[in-house]
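>
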Ligand SMILES: [Zn+2]
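Residue numbers (my numbering): 1408 to 1531.
Here is the structure:
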């Protein structure tokens, strides 16, 4: 049975394209978003390897369990490298207020606008 693998082989490529498109939007923010761009790149590489392995499993009519083992290995790597792979925070590290989509994905500081302004004023 290659039910899971054929679903992933059919659909994960679009997820990969979405992830790559996000890095193109991040380019606009330049130096402010180096860490998060690398994280998105790591995620894109993982999604792509999962897609390729699903395609190979479907092509050679192998078992879905190989894909599950591979996905578990990817999950373990993600867990140990989580600081690099998931630097995204939903709440400001300084005041814990909820951040906007742009602040979550396009700014490395993980701070809301008012905290960033306070920090900037303190540095001046
Ligand atoms: Zn804040």
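Virtual Cβ for every residue (Gly too), placed ideally from N, Cα, C. For clarity, every value in this text was computed on a predicted model and none was experimentally measured.
#1: Return no unless some Cβ of chain D is closer than 8 Å to the Cβ of residue 1480.
#2: Below 6 Å CB to CB, which residues in the same chain sit around residue 1492 once its five sequence neighbours on both sides are set aside?
#3: Taking 8 Å as the cut-off, decide whether the C-beta atoms of residue 1458 and residue 1420 are in contact.
#4: Count the other CB atoms, across all protein chains shown, that sit within 10 Å of the CB of residue 1474; report buried if there are 16 or more and exposed otherwise.
#5: Could you check which residue in 1413, 1430, 1451 and 1423 has the C-alpha nearest to that of residue 1377?
#6: Between the stretch 1422-1442 and the stretch 1499-1513, do three or more beta carbon pairs fall short of 8 Å?
Taking the geometry as given:
#1: In the structure shown, chain D cannot be found, because there is only a single protein chain.
#2: Numbered from 1 along the chain shown, position 85 holds the residue referred to as residue 1492. Cβ neighbours of residue 1492 within its own chain (closer than 6 Å, five residues either side excluded): 1446, 1449 and 1485.
#3: Walking along the chain shown from the start, residue 1458 turns up at place 51. Walking along the chain shown from the start, residue 1420 turns up at place 13. In this structure, residue 1458 sits near residue 1420, with a CB-CB distance shorter than 8 Å.
#4: Looking up residue 1474 in the chain shown gives position 67. So residue 1474 ends up on the buried side.
#5: As displayed, the chain neither begins before 1408 nor continues past 1531, which places residue 1377 out of reach and without an answer.
#6: yes
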